[in-house]
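Please read the structure below before turning to the comments.
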Amino acid sequence: MPSLLRRVAIFAAVDGLILQSTGNGLRYNASNDSSSIRIDYKTNRISSVSGPASDLGERKESAGLETYGLVGLLSVASYSFLITITQRQQVAHIQGKPIYTIANIAIIPTSSQADASRAINQAKENILQGEDSDGTDTASEATDVSDTETEDGEADVSTAPTSPVQKKPHSRTDSISSNVTETVMGKRPRFGRFAANWLSRRAMGLPGLGTAELNLDTADIPLVEMKEGDGSVAAQSASVTNKDEFAAADVNDGVPLKEEVEPPATTKPMELLPKLLRYTKLIFSSRNFFFSYDYDLTRSISAQPTAPNGHLPLHKVADELFFWNKNLMEPFVAADAHHLVLPLIQGFIGQSEFTVAAKTTSNPSETQLTEACILGEKQAQDTQTAGEKRNFLLTLISRRSVKRPGLRYLRRGVDDDGNSANTVETEQILSVPDWDPSHNIYTYLQVRGSIPLYFSQSPYSFKPVPVLHHSTETNQFAFERHFRNFSRRYGKIQSVSLVDKHAPEIKLGEQYEKYAQRLNESGGIDGVPLRFEWFDFHNECRGMKFENVSRLVDRLATTLGEFRDTIVNNGAVLQNQTGIVRTNCMDCLDRTGVAQCAFGQWALERELKEEGIDIDLGGDSSTRWFNILWADNGDAISKQYSSTAALKGDYTRTRKRDYRGALNDFGLTLSRYYNNIVNDYFSQACIDYLLGNVSTQVFSEFATELQTADPGISVHKLRQNAIDTSCRIVISDQSEEFLGGWAMLTPKQPNTVRTLPFEESVLLLTDAAVYSCRFDWNIDKVLSFERIDLRSIIRIKYGTYITSTLTEAQSDEQHNIGLVIEFREGDNNALRVNTRSLQSEVDPKALDSQGGGGVASWFTGSSKPKPRIMAFKALPLSNSVTQTQRRKSVTVSETGWVRNICEEIERAMRAGETTQTESAEPRPSVVESSEIISLADARKRTGYLEHLVHDIKKMVWA
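As C-alpha cells, this is what we get:
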C-alpha cells in the first residue's frame, strides 16, 4: 500500500497553512516531488499544491513546525483547528513495523496567518527551551522505552506500554510541547474569576467559563498557554496514564492577556469552545491513541490487507469500527490527500518478550518435558538450565469501538443499531521476537461489551439500580440485531455474564438470560444457538478469592477448545478462530478484566503447548509479567470509560488480594463517583462531537441542560412510539378518527403555564377530542391522560412561551413557542390516572377544584365554572444528533409548526359543527396569536435563587 508521510512540516503562509512532507518523509506513490496541502484561511478548505510551489518564501519567514503526522481537522462552527502529532512513543513492533502511541499534540488555528504563526512559534519556542512536560524521550523513528521494575527491583521483563527496542539518545526536536491558540473573552460568572477557576480546576481541570471567539480578520489575538497540567481530575477524565504529566495549574495564571477584541456582529461566540479545545488536547495526549505508518491496527493480524489491496491507502482498508479519527480526517480524504490520513485506534497496546527455559529430568530414558518456567530476559541469561531456551513475544492489542462510545453511566446498554456500550476487541498475539514468518503466529480474540438491552443507571448512587427501558419488542429487536452483527464478524458466540444473582443486578441479569432464551427458541442466530453462561463473580469469588475464576474457565473448556484460535504461518492462515467469548459485568471493566485475563491465560498455555512447552501460568511465580500486561490493559480501558484505573488490579497483577488492594479500590470508587456526577457530561459531548455523531448544537444543549442526548437512540422513534402507544390506549371509542399526534412539553402541574420542571408529554387530536397524555418514557406507559371535548374549547392561543432566562437558548423568542387551549368543563371531558391495577382512577373532584364549579353546577347554573387551560410548549425541531434529527426536511420555524397544530385543532372543531346556512355569519376563529409568557415577564419570574443555582451548576459542570 502507499506509504504514509512520516514527517509533515507545517508553514503559515500568507494565504493559508501549508502542509508538506520533510526530507525524512516518504513520498506518496514514489513521486519525485513531495506533494503539499494548503488550508485556506478564509474558507478553511483544503487543496493540493505542487511541491516546489509551496516553498515560495514560507521558509524564509519560518522554518515551519515538523510533526509526526496529523490527527485531523477539527471544525467548530466557522472555526477550524489543525491537530498535529508533535510527540510520539514507540510501544511495540509487529512484523518489523513500529507501533506508536501519541504522547502530545498541537492544536493550530487556521483562522489567520497570525493565529497559526503564533501557535507554531510557541511550539518552536518550547522546543528551544527544552520544555518536555512529561519527560519522555522520543526519537525520530524509535523512541526509548524503559523497563518496568518488578517488586523485587529487577527489571526482568519489558512490560506494557513498553517495547523491546533499544534506547536511543534523546533528540530535542522529537519532544515538541504544543500550545493552543485561543481567546477567552468577556463573560465570567457572578462569583468572579477566582471561584470559576477554583471550581473548574477541581471539577473539570478546564479553567474559564468565558465566551471564546477566534478573530478571523485581525491578527491581535491573545494567547493562552496550554500546559499539560490542566487539572489532575481532568487528566483522569481524559484517561491519562501518567498522573505526573498533568499537575494542576490555572492556564490563565501568569499569562497576560492582550486587549480583548470585539467579535464581529455577524459571528455568534461559542461559549464552550476553549473547553472543547482543552479536552481535545487532553484526550489525544493521554497515550491512549495508537498508530502505525505501515500496519493496520484496526484489524487483527490474520485480517491484514493482502497483496491485491497494495495500491489502496491505509485508511481505505481500515476497519471503520475502530477508526477513531475518521471524522476528523474527512476533509483530507475529500481533497484526495490520502497520504496524510493516519488512522488512529483508541485502547491499549502492550508487548512483553519472555524466555522459556525447558528443563528435562535426570533420567535419560524419560525424554519428555517435565518442567518449564518463563523468565525475564535478564534472568534467562543468568539461569543455567539443562534444556533449550526459547524466546517468545506476547503482544496485547485492545481496540475500542467507535459505535456507542463514551463514558460509564452516560453510555449504557444497547442502541437502535444493536451497538453495545464499551465494546472492546482484545487481540492476544504470540510470536517469536523477530517475527520470523516461518514460525507460527498465534492470535486469540476476545470481546467485552455492555448487556445489549436498553437500560440505565443513575450516577448519583454508589449502588445504582439498573432501570430497564422500552417495550419487550423493542428490546428483543435490538438484542437480536446486536448478536447477528457479532456473529457476522466473529462466528459463534459464547456470552459470559458476570453480574450478581442478587439485588440490584439480578433483575438485569435475568432479563439478559430471558432474551437469550427467546432468541434461541426463535431459531438462534441463523440457526446457531447463542451460548449463555451466568457466572456470579462476586459470589463465586467471595472472600477476595479471585483465583476461583478458574471455575468459569473449566465450565467453558469444551467451548473454548471448539472455538480455538488463529494460526498464521508465512502469511497463510493455517487455522481460524471459529467463535468468540463475549464477556460482560455491569461496566465491563473490573470483573470483566479478571475473566478476560483468565481466558487469555488459557489461550497462551494452549499455544505454548502447541510449541511443545507445558506450563501453568497461574501457578508459576515467574510469570508475573503476563499479569502485569493484562492489568495495564485493564487500567487503560477503565480510564477511557470510567476515568480511573480498574478495580481488582492488585489481583490481576500479583494474583494476590489483601486489604491494601481493597482500600485502593475504595479510593478509586470515590473518584469514579465524582467523575460520574461532574466530569463526564461535558466529556461525553466532546466525544460525540469528535466522532461526528452530533453537530455543534450539542454545546448549546449542554449549556442549557448541562447534559446531552444519546445519539445512538433515535428520539424521533421514541416519540413516535409514545404517540402510537398513547393513541392505542387512551382512544377508547372506535368511532373517533385519529387526526394527529405530537410530542410536546407541558408544565408539571395541570392548569398552569409555568410550573417547573416541564415534562415531555403527548398531545393527540381526534375528530371529537383533544388528549393530553403524561407518559413514562422509561417503560413506555401512559401514566395519565386528560380528554377535552372539542365542543368545550373556547380559545386557542399560540406565541412566545419563555419559561426561563438562564441561558440564551431559553431566552430566544423565535424558538421558544407554545400554545394554550382554553376550555370549559363538560360531561365528555375526563381525567384518568393509571394506577397499575385493575381499575384506573377517575377523579372528578380534581376537575372541579381546578375548574371551579364542577360539571353539575355548570348544567344547573348555580355557579359559573371557570375556564381551564391546557398548556404546551414546542420541542426544538432539530437537535445535535446529526443523523437522527427530528425533522431533517423541516423548513418551517417553531412558530409555523405550532400554528399548524392550532389550525388542525380548529379544523377538527369546524368539521364537527352543524353545517351553517349561507346567510349565517361566519364564526370567528378561535385561534389567535398572542404571547403566552413574554421575555419581560419571564425575566420577572426568574428569581435570583434560580440564577444562583444555575451559576453554581454551570461552574461545576460547564
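One point on numbering: in the UniProt record's numbering, the residue at position 152 of the sequence shown is 152, and numbering is uninterrupted. All C-beta atoms in this analysis are idealised placements derived from N, C-alpha and C, irrespective of residue type, glycine included.
Against chain D, with Cβ distances strictly below 7 Å, would PHE682 count as a contact?
In the displayed structure, chain D is absent; only one protein chain is listed.
With contact counted as at least three CB pairs below 8 Å, one residue from each stretch, are the stretch 450-458 and the stretch 99-112 in contact?
no
Thinking just about the alpha-carbon of each residue, which of ARG791, SER930, LEU445 is nearest to the one in ARG910?
ARG791
Leaving out five residues on either side along the sequence, give the residues of the same chain with a beta carbon under 6 Å from the beta carbon of LEU604.
none
Is the beta carbon of LEU498 less than 7 Å from the beta carbon of CYS585?
yes
Kindly list the residues whose CB is nearer than 6 Å to the CB of ASN693, restricted to its own chain and excluding five residues on each side of it in sequence; keep chain order.
PRO711
Tell whether a beta-carbon distance below 7 Å holds between PHE738 and PRO747.
no
Since I believe ILE120 is in contact with ALA12 (beta carbons under 8 Å), could you give me their beta-carbon distance rounded to a whole number of angstroms?
6 Å
State buried or exposed for LYS389, treating a residue as buried only when at least 16 other CB atoms are found within 10 Å of its CB.
Exposed.
What separation, rounded to the nearest whole angstrom, lies between the Cα atoms of LEU589 and VAL91?
23 Å
Quick one: give me the first and last residue of the beta strand (DSSP E) that VAL71 is part of.
70-76
What number of angstroms, rounded off, separates the C-alpha of SER438 from the C-alpha of ALA503?
53 Å
Can you look up PHE535 in the DSSP assignment and give me helix, strand or coil?
coil
Verify whether the separation of the beta carbon atoms of GLU928 and LYS797 is less than 7 Å.
yes
Which stretch, first to last residue, makes up the alpha helix (DSSP H) that contains TRP435?
Counting along the chain, TRP435 falls outside any alpha helix (DSSP H), and DSSP gives it neither H nor E.
For GLU259, which residues in the same chain have their Cβ closer than 6 Å to its Cβ, ignoring the five residues on either side in sequence?
Low local confidence applies: a pLDDT of 33 at GLU259 is under 50, so the model's placement there is unreliable, with the coordinate-based value given in what follows. Closer than 6 Å at Cβ, skipping near neighbours: no residue.
Can you name the residues that DSSP bridges to CYS773?
VAL762, PHE785
Rank ARG624, VAL715, ARG45 by C-alpha distance to the C-alpha of GLU330 and give the top, closest one.
ARG45
Would you call the stretch 285-295 and the stretch 91-107 touching, i.e. three or more CB-CB distances under 8 Å?
yes
Compute the distance between the beta-carbons of GLU736 and THR708, then report whether it is under 7 Å.
Not closer than 7 Å, so no.
Keeping to the same chain, check which residues put their C-beta closer than 8 Å to that of GLU569; ignore five residues upstream and five downstream.
Going by the sequence as given, residue 569 is Asn instead of Glu. So the qualifying residues of the chain are PRO437, SER438, HIS439, ASN440, ILE441.
Can you find at least 3 beta carbon pairs, one from the stretch 72-80 and one from the stretch 316-328, that sit closer than 8 Å?
Cβ pair count under 8 Å is three or more, so yes.
Please say whether ILE933 and TYR801 have beta carbons closer to each other than 7 Å?
yes
Under the three-state reduction of DSSP, which class applies to THR280: helix, strand or coil?
helix
Assuming ASP416 and ARG404 are in contact, meaning their beta carbons sit under 8 Å apart, how far apart are those beta carbons, in whole angstroms?
The pair is not a contact, with the Cβ atoms about 10 Å apart (cut-off 8 Å).
With 16 as the cutoff for other CB atoms within 10 Å, does THR472 come out buried or exposed?
exposed
Measure the CB-CB distance between ILE18 and ARG38 and report whether it falls below 7 Å.
yes
Run through the DSSP bridge pairs and tell me what LEU128 is partnered with.
DSSP lists no partner for LEU128.
Bridge partners of residue 998, per DSSP?
Past the boundaries of the shown model lies residue 998; the chain is included only from 1 to 958, so the question cannot be answered.
For the beta strand (DSSP E) that PHE289 lies in, which residues bound it at each end?
289-291
How many angstroms separate the CA atom of ILE102 from the CA atom of HIS339?
19 Å
Measure the C-alpha to C-alpha separation of VAL573 and ALA303 and round it to an integer number of angstroms.
9 Å
Between LEU82 and LEU70, what straight-line distance do the alpha-carbon atoms span, to the nearest angstrom?
8 Å
Along the alpha helix (DSSP H) that carries PHE563, what are the first and last residues, could you check?
557-563
For LEU314, report the span of its alpha helix (DSSP H) as first-last.
314-317
For TYR68 and ILE567, what's the separation of their Cα atoms in angstroms?
34 Å
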